[in-house]
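Q: The structure is given below, and queries will be raised subsequently.
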């Protein structure tokens with residue numbers, strides 16, 4: 001689940017249940033109760049009792065099995081059903097009610113919430129301490145009197161609400177009305193047709209942002225932006241024409257009469273919805289001169305990784321455009337530089353070398369002064385994802401991967417079929433079931449990476465290798481492709 005939703009959990013039992021399920025889902029082999037109790041900061045007895053309760057709540061397709069000498073493991077015929085289980089556990093969190101009441105500007109007191117939820121004021125106060133910790137990460141604070149409210153920079157408040165309603169829990173989602181969705185679509189269409197202006201945008205993400213903007217305006221919380229920011233944009237062809245199309249298409253809707261400052265906020269925030277794909281527009285042409293400001297940074301990264309700027313021109317421009325757009329977004333709040341810890345951990349686990357190269361690159365003082373990097377690890381993570389997506393699609397050569405697997409007679413062909421279904425196009429797969437796995441064999445077949453699921457006496461030195469469990473778990477199959485691609489890309493980079 002998303003970290004903002006997890007951090008807002010106030011019921012220790014709910015958090016413990018989610019922890020247990022998450023730990024078992026990620027586990028590649030059965031885990032002892034002692035491991036689970038340590039990770040959950042609970043006793044063995046409490047965890048055992050919790051597992052029994054979880055099994056009663058889980059759908060029939062999912063079960064937690066506990067065996068004395070093997071440990072605890074999760075069997076999931078359909079792991080996607082777990083999201084429903086987690087969503088059910090999150091229902092009824094009083095903090096959600098408080099946050100959504102603040103968003104609606106209902107101006108409720110501590111006593112009001114205590115009466116409505118049948119929870120004592122002292123307990124509500126302890127819950128609010130949890131909310132305060134989360135808000136601090138967004139440079140915000142919580143005011144208790146005369147009514148409970150979130151205070152701080154308006155841009156940061158809007159950013160928090162956007163993250164909350166997008167990610168905290170399923171029932172927190174806010175949906176745009178048909179008229180507003182149509183206005184967003186028509187604005188984009190008009191800009192393309194009349195002015196040739198187009199960005200490759202996440203349509204629903206932009207719509208969610210407009211909902212946040214609209215609600216904050218309606219409840220009397222206008223945005224205040226520096227005059228220098230307006231001066232940076234107001235004279236551009238892009239700004240003038242987007243403004244004209246926006247007011248025309250939103251005429252008759254609440255956003256159709258917003259102030260110029262509010263429009264400027266919306267104009268910049270739409271960059272948070274840009275999709276960085278080859279052969280699509282991902283930057284505003286009025287701002288092309290800013291791209292050159294980031295060339296020294298990109299060229300340094302390319303030189304350190306053996307990437308030729310002109311051969312990989314699409315990647316170069318994508319990275320420059322991302323940094324330019326991030327610069328504009330950071331003018332509003334540096335929160336736009338952030339990524340979730342889950343994405344950070346995923347990138348650190350699967351693409352550590354590329355991530356570390358970006359971290360190093362960002363420390364070389366090659367960044368223009370007007371982009372203040374407050375979250376370097378987050379920014380490096382985003383740059384890594386853009387880089388990896390490009391490399392995996394365009395620069396990775398056909399790679400030879402050998403699979404040497406053992407299993408029951410009925411499982412081997414199943415393993416092979418599953419692998420052929422999930423491997424990307426840039427891979428030549430070799431399957432060896434009836435020969436020993438040796439370095440000489442790998443050399444003869446010119447193998448780049450080998451995957452096996454049994455103990456071998458001779459260490460693999462010819463190529464990179466990946467050892468799976470004797471009976472590969474579902475999690476291992478899911479993680480196999482990212483692991484392989486990480487190894488493939490590392491070797492491709494070195495060549």
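Numbering (the UniProt record's numbering), first residue to last: 1 to 495. Glycine residues also receive a C-beta, built at the ideal position from the N, C-alpha and C atoms.
Grouping DSSP H, G and I as helix and E and B as strand, with all else coil, what is residue 47?
A: As a working note, residue 47 is residue 47 in the chain shown. Reduced to three states, the DSSP call for residue 47 is helix.
Q: With 16 other CB atoms within 10 Å as the buried threshold, where does residue 345 fall?
A: One-based indexing of the chain shown puts residue 345 at position 345. It counts as exposed.
Q: How would you write the range of the alpha helix (DSSP H) that residue 204 sits in, first residue to last?
A: If you number the chain shown from 1, residue 204 lands on position 204. Segment 203 to 218, the alpha helix (DSSP H) holding residue 204.
Q: Please go through the same chain and pick out, in chain order, the residues whose beta-carbon is closer than 7 Å to the beta-carbon of residue 223, but skip the five residues on each side of it.
A: Start at 1 with the first residue of the chain shown, and residue 223 comes out as number 223. 154, 155, 261, 262, 265, listed in sequence order.
Q: What does DSSP give as the partner residues of residue 499 in its beta bridges?
A: Because residue 499 is not part of the residues shown, which for the chain are 1 to 495, the question remains open.
Q: Look up residue 71 in the DSSP assignment and say whether it is helix, strand or coil.
A: In the chain shown, counting from the first residue as 1, residue 71 sits at position 71. Residue 71 falls in the strand class under three-state DSSP.
Q: State the CB to CB distance for the pair residue 232 and residue 134, rounded to an integer number of angstroms; the pair is presumed to be in contact (CB under 8 Å).
A: Stepping through the chain shown from its first residue, residue 232 is reached at position 232. Stepping through the chain shown from its first residue, residue 134 is reached at position 134. So it is not a contact: roughly 32 Å between Cβ atoms.
Q: Three or more C-beta pairs under 8 Å: does that hold for the stretch 349 to 367 against the stretch 289 to 299?
A: At 8 Å Cβ cutoff, the stretches touch.
Q: Short check: CB of residue 74 to CB of residue 24, under 8 Å?
A: Position 74 of the chain shown, counted from the first residue, corresponds to residue 74. Position 24 of the chain shown, counted from the first residue, corresponds to residue 24. Against a cut-off of 8 Å, the Cβ pair of residue 24 and residue 74 comes out as a contact.
Q: Going straight from the alpha carbon of residue 17 to that of residue 51, what length do you get?
A: In the chain shown, counting from the first residue as 1, residue 17 sits at position 17. In the chain shown, counting from the first residue as 1, residue 51 sits at position 51. About 8 Å.
Q: Using only alpha-carbon positions, find the residue among 164, 13, 289, 138 that is nearest to residue 53.
A: By one-based count along the chain shown, residue 53 stands at place 53. Checking every option, the nearest Cα to that of residue 53 belongs to 13.
Q: In this structure, does DSSP put residue 307 in helix, strand or coil?
A: Taking the chain shown and counting its residues from 1, the one referred to as residue 307 is at position 307. Coil, per DSSP.
Q: When the distance is taken between beta carbons, is residue 405 closer than 8 Å to residue 452?
A: In the chain shown, the residue the question calls residue 452 occupies position 452. In the chain shown, the residue the question calls residue 405 occupies position 405. Yes, these two residues count as a Cβ contact at 8 Å.
Q: Check whether the Cβ atoms of residue 276 and residue 386 sit closer than 8 Å, and answer yes or no.
A: For the purposes of this step, residue 276 is identified with residue 276 of the chain shown, where counting begins at 1. For the purposes of this step, residue 386 is identified with residue 386 of the chain shown, where counting begins at 1. Cβ distance < 8 Å, so residue 276 and residue 386 count as in contact.
Q: Would you report the Cα separation of residue 490 and residue 362, rounded to the nearest angstrom?
A: Taking the first residue of the chain shown as 1, we reach residue 490 at position 490. Taking the first residue of the chain shown as 1, we reach residue 362 at position 362. Bear in mind that the predicted position of residue 490 carries a pLDDT of just 48, short of 50, making it unreliable; the figure below should be weighed with that in mind. Whole-angstrom Cα-Cα distance: 20 Å.
Q: Going by DSSP, what residue range makes up the beta strand (DSSP E) through residue 449?
A: Here residue 449 is taken as the residue at index 449 of the chain shown, counted from 1. Note, residue 449: beta strand (DSSP E), 449 to 452.
Q: What separation, rounded to the nearest whole angstrom, lies between the Cα atoms of residue 71 and residue 61?
A: In the chain shown, the residue the question calls residue 71 occupies position 71. In the chain shown, the residue the question calls residue 61 occupies position 61. Rounded to whole angstroms, residue 71 to residue 61 spans 20 Å at the Cα level.
Q: Just how far apart, CA to CA, sit residue 302 and residue 210?
A: As a first step, residue 302 must be located in the chain shown, where it is residue number 302. As a first step, residue 210 must be located in the chain shown, where it is residue number 210. One C-alpha to the other measures close to 37 Å.
Q: Please report the residue range of the alpha helix (DSSP H) in which residue 248 lies.
A: Taking the chain shown and counting its residues from 1, one reaches residue 248 at position 248. Unbroken alpha helix (DSSP H) run through residue 248: 237 to 249.
Q: Does residue 373 come out as helix, strand or coil in the three-state DSSP assignment?
A: Within the chain shown, the letter at position 373 stands for residue 373. Here residue 373 sits in coil by DSSP.
Q: Please return the same chain residues whose Cβ sits closer than 6 Å to the Cβ of residue 415, not counting the five positions on each side in sequence.
A: Along the chain shown, read from residue 1 onward, the residue named residue 415 stands at position 415. Once the five neighbours on either side are set aside, the close Cβ partners of residue 415 are 405.
Q: Hey, quick one: how far does the alpha helix (DSSP H) through residue 82 stretch, first residue to last?
A: To locate residue 82, count along the chain shown from 1; it is residue 82. 82 to 90 is the span of the alpha helix (DSSP H), which, as asked, contains residue 82.
Q: If you measure from the CB of residue 150, is any heavy atom of the ligand SAH nearer than 7 Å?
A: The ligand SAH is not part of the structure shown, which contains no ligands of any sort.
Q: Taking DSSP as the reference, what is the three-state secondary structure of residue 230?
A: Working through the chain shown from its first residue, we reach residue 230 at position 230. Of the three classes helix, strand and coil, the one that applies to residue 230 here is helix, per DSSP.
Q: Inspect the CB distances between the stretch 154 to 168 and the stretch 239 to 258 and report whether three or more fall short of 8 Å.
A: Short answer: they don't touch.
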